[in-house]
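S.K.: Positions 69 to 213 (the numbering used here) are the ones given, in order, by the sequence shown.
Beta carbons: idealized from backbone N, C-alpha and C, even for Gly.
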Amino acid sequence: MKIPRMTVITLGVSDLARATAFYREIFATPPITEHEGVTFVPLPGVWLSLYPLEKLAEDIGEEVTLPAAGAFRGFTLAYNARSKEEIMGIFVRAADAGAHIAKAPQDTFWGGFSGYFTDPDGHYWEVAWGPMFVFSEQGDLRFKA
C-alpha cells in the first residue's frame, strides 16, 4: 500500500497560543480552528497542525529532546511563490509576526530567488520562486513542460 499524499504536518510547539497567533498572521487564513488543545490551519492540499511539544512527545512515547537554540534540525517547510515580489511581501509579513529572518531573500545558484525564516519554535521555512515551476489551476506546483 502506498501513501498517496501528505494530509497533515504537525509541529510540536512550546506555546500553543503564541504559535497560533504567529501562523494566523503568516497565512492570513482564518479561521484557524482550535480543537481540544490542537490548532489546525486548513491550507489547500495539506493542513498544518500545531500541538504542544510535550503532548506530542507523550503521544509518540518519546522524551522531548531539543537541539540547542537556533540549531538547524535537518528539515524545512516550504512555500513556492509565484513571483519575487510575492516573496518580499511574505517576508515583511513574517518579520511583522515575529519570525527570525535566517536568510534574506536573494538570487540563488539554481536560478531562482529564495530566503529562510524561522517561526517562534525554530522551525525553518523557505519561501522560493523558480523559473522552472508553474502552477495548475488548483494551485499545485508543477515543473514547466
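Do the segment 114 to 134 and the segment 164 to 183 make contact, defined as three or more Cβ pairs closer than 8 Å?
M.R.: Look at the beta carbons and you see the segment 114 to 134 not touching the segment 164 to 183: under three pairs across the two are nearer than 8 Å.
S.K.: Could you compute how far the alpha carbon of V202 sits from the alpha carbon of K212?
M.R.: Numbered from 1 along the sequence shown, position 134 holds the residue referred to as residue 202. Numbered from 1 along the sequence shown, position 144 holds the residue referred to as residue 212. If I take the Cα positions, the gap works out to 6 Å.
S.K.: Please classify A167 as buried or exposed, where buried requires at least 16 neighbouring CB atoms within 10 angstroms.
M.R.: Counting from one through the sequence shown, the residue named residue 167 turns up at place 99. Classification for A167: buried.
S.K.: With DSSP as the reference, label A87 as helix, strand or coil.
M.R.: Locating residue 87 in the sequence shown gives position 19, counting from the first residue. In the three-state reduction of the DSSP assignment, A87 falls in the helix class, which pools H, G and I.
S.K.: Using the beta-carbon count (16 or more within 10 Å), is T75 buried or exposed?
M.R.: Here residue 75 is taken as the residue at index 7 of the sequence shown, counted from 1. T75 should be labelled exposed.
S.K.: Please go through the segment 146 to 188 and give each complete beta strand (DSSP E) segment of 3 or more residues, from N-terminal end onward.
M.R.: 168 to 175, 181 to 186
S.K.: Would L84 and P120 be called neighbours here (beta carbons separated by less than 8 Å)?
M.R.: Reading the sequence shown from its first residue, position 16 is the one you call residue 84. Reading the sequence shown from its first residue, position 52 is the one you call residue 120. Taking 8 Å as the Cβ cut-off, L84 and P120 qualify as a contacting pair.
S.K.: Taking Cβ positions, are L214 and I77 nearer each other than 8 Å?
M.R.: For the chain, the structure presents residues 69 to 213; residue 214 sits outside this window and is missing.
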